[in-house]
Structure formats: C-alpha cells, structure tokens
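Heads up, the thing below is written out as structure tokens.
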Amino acid sequence: MPGTSHPDFVIFEDEHLAAVHKPTGIFVHRTDGWDRHLTPLLQTVRKTIGQRVYTIHRLDRATSGVVLFGKTKEASSELHAMFRERRVKKTYVALVRGYCDDCGTIEFPLRPRQPNSADKSVPISNVELPEQECCTRYVTNARYELPFKSTRYDTTRCSLATLHPETGRWHQIRRHVNRIGHPVIGDTTHGDNTQNRFFRQQFGLSRLMLAATGLSFVHPWTQKEITISCPPSPSFQEIVDRICQWSVRI
C-alpha cells in the first residue's frame with residue numbers, strides 16, 4: 008500500500024499512522040521511572056515527522072523494535088480498538104536460554120504488575136488481582152551450542168525463536184518463556200542472572216535480547232492487509248552473529 012519510508016528510524020508513514028523503530032533503553036513516553044536524560048520516543052517521533060502523534064501501544068524500555076503511532080485522534084481511537092480486540096498480529100524475535108522445542112504454545116495465566124508503584128518490574132504481591140488469560144505461540148528458528156562452560160555443563164546452549172503474543176499482558180513474552188525454562192538472554196527482571204553474566208562477559212551483552220520485528224493488520228481506511236516489519240537492531244544482530252561464529256548451529 009502507498010506510504011513514505013524513512014531509513015533507520017521511520018519504517019512506515021501515511022496520512023493516518025506512522026511506525027518507527029524504537030531503540031533499546033528508551034521509554035515510549037514519560038512514565039514512572041522515566042530517565043530525564045533520555046528523550047522519550049513520542050517526542051522524537053513528533054519532531055521527526057513534524058506533527059503531533061498519539062501513542063497506540065508500548066514496548067518495554069528494554070525491548071527494541073516496531074512501535075505504531077496514530078497521526079490523528081480518529082486514527083488513534085481506531086488503532087487502539089484493533090489492539091484491544093486482538094486484530095493486530097505481533098511478531099517478536101528473542102534469544103533464549105537452552106534448546107526450545109521446534110514450536111509451542113504457552114498459555115499460563117499471569118498477574119498484572121504492581122499498581123501505583125514506582126518500580127513497575129514488581130508483580131502484584133499484597134494486592135490479589137485475578138490472573139489474566141495469556142497466550143504466546145513460538146517457533147524455534149535456530150539452536151546454538153557454545154564451547155564455553157557457564158554452569159555445571161561443559162557447553163552453553165541457546166535458541167533463537169520467533170514469538171507471537173496473542174494477548175498483550177505486562178512483560179508477557181519475558182514471563183512466559185521464563186515459565187517454560189527458557190528465559191530471554193539479558194533479562195535482568197525475569198531471567199537467569201548467571202546466564203546474563205556469562206553473555207555479558209563472553210560476548211559484551213548489554214541489552215535484552217528481545218525485539219519487536221513486525222505488526223500485521225487490516226488498514227482501517229484502505230481495508231487492505233498491511234505488514235510493517237523491520238529487522239532486529241544492530242546491537243541485537245551483533246550478539247547473534249558473534250554467537251554464530253563460536254557455535255555449532257543445530
């Protein structure tokens with residue numbers, strides 16, 4: 008469908024919406040815990056495309072990848088409804104600990120995060136809100152075995168997987184893959200600190216190895232299917248490339 012593409016940052020733009028690539032470490036907008044030394048993504052998008060835009064959804068600060076914005080209030084309202092009604096297919100890529108199954112579905116319910124807390128990484132503790140239904144589907148793209156000892160085993164294994172969260176809960180992918188024993192590499196909240204330290208020391212890892220690589224939906228105004236995608240950022244791909252150099256790909 009018609010639209011204007013801008014290299015490196017703006018992935019797609021038309022008169023109704025704009026999609027950009029969010030770097031890791033950046034907040035989508037001002038929120039609790041916002042680092043005042045870092046410009047929120049929303050402000051950067053407004054400056055780049057030269058007009059006001061409206062937030063549709065968010066990515067965690069540590070996650071990089073595709074973020075969609077509405078360019079009008081009408082577009083914002085319609086796109087919000089599409090996310091709420093699960094009419095948007097979301098695609099992520101993650102590097103996780105261990106060898107994953109070829110494919111699978113994770114359906115563990117999850118509790119919301121702690122409300123009214125400055126630390127949004129803390130789940131519900133003393134406030135017992137009900138668990139929410141969740142579903143994440145995944146396919147394993149590659150498996151790697153590294154000739155380095157990080158635990159009691161002589162080698163270290165990891166997998167590169169594509170994931171599709173069918174619901175949009177707080178830290179859903181990160182919590183789901185941890186639940187099945189395959190935490191995201193670099194996840195300091197829900198992950199394996201021993202593995203994180205190994206990848207930091209051995210490969211210079213300094214980020215969460217989770218990237219939002221695509222959004223697919225029916226465009227509300229053209230009624231045509233649209234897929235907005237971008238590859239993982241260089242900081243993600245560089246880690247994968249270094250792992251490939253040292254490993255046997257299974």
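Here the sequence shown stands for residues 8 to 257, where the numbers follow the numbering used here.
Ideal Cβ placement from N, Cα and C applies to all residues, glycine included.
Compare the C-alpha of E85 against each of L24, F205, R176, K29 and name the closest.
Reading the sequence shown from its first residue, position 78 is the one you call residue 85. Taking only the C-alpha atoms, the option nearest E85 is L24.
Give a yes or no on contact between the segment 16-35 and the segment 60-80, applying the rule of three or more CB pairs nearer than 8 Å.
The segment 16-35 vs the segment 60-80: in contact.
For H226, which option in I180, G77, C237 has the closest C-alpha, if you only look at C-alpha atoms?
Along the sequence shown, one-based indexing puts residue 226 at 219. When only C-alpha atoms are compared, the closest one is G77.
As a quick exercise: from L222, R159, G111, P119, pick the residue whose alpha carbon is nearest that of A168.
On the sequence shown, residue 168 is found 161 positions in, with the first residue counted as 1. Checked all of L222, R159, G111, P119; the closest Cα to A168 is G111.
Length-filtered (4 minimum) alpha helix (DSSP H) runs lying within the segment 193-233
The segment 193-233 contains these whole alpha helix (DSSP H) runs: 200-210.
Of the choices V60, V184, S83, whose alpha-carbon is the least far from that of D108?
One-based indexing of the sequence shown puts residue 108 at position 101. It is V184.
Could you tell me which whole beta strand (DSSP E) segments of length 3 or greater appear in the segment 23-81?
24-29, 71-77
Let me know the secondary structure DSSP gives L136 once reduced to three states.
Taking the first residue of the sequence shown as 1, we reach residue 136 at position 129. Three-state result, L136: coil.
Rounded to the nearest angstrom, what separates T174 and Q209 at their Cα positions?
Numbered from 1 along the sequence shown, position 167 holds the residue referred to as residue 174. Numbered from 1 along the sequence shown, position 202 holds the residue referred to as residue 209. A straight line joining the alpha-carbon of T174 with that of Q209 spans about 35 Å.
Proximity test, Cβ basis, 8 Å: V100 and chain D:
No chain D appears in this structure, which consists of one protein chain only.
Endpoints, alpha helix (DSSP H) assigned at R181
Against the sequence shown, residue 181 aligns to sequence position 174. Segment 179-186, the alpha helix (DSSP H) holding R181.
Using 8 Å for Cβ pairs, my map puts S157 next to H189. What's the rounded Cβ distance?
Position 150 of the sequence shown, counted from the start, is the residue given in the question as residue 157. Position 182 of the sequence shown, counted from the start, is the residue given in the question as residue 189. That pair is no contact at about 15 Å.
At a cut of 8 Å, does the segment 201-220 reach the segment 234-253 through at least three beta carbon pairs?
Yes, they touch.
Does the distance from the CB of L48 to the CB of V60 come in under 8 Å?
Stepping through the sequence shown from its first residue, residue 48 is reached at position 41. Stepping through the sequence shown from its first residue, residue 60 is reached at position 53. Going by C-beta atoms, L48 is not nearer than 8 Å to V60.
Collapsed DSSP secondary structure at F16 in the structure displayed
In the sequence shown, residue 16 corresponds to position 9, counting from 1. Correct three-state label for F16: coil.
Could you please give the first and the last residue of the uninterrupted alpha helix (DSSP H) stretch that includes V247?
What you label residue 247 is simply residue 240 of the sequence shown in a count that begins at 1. That run of the alpha helix (DSSP H) goes 241-253.
Distance, V95 Cα to F19 Cα:
In the sequence shown, counting from the first residue as 1, residue 19 sits at position 12. In the sequence shown, counting from the first residue as 1, residue 95 sits at position 88. Going by the C-alpha atoms only, they are around 16 Å apart.
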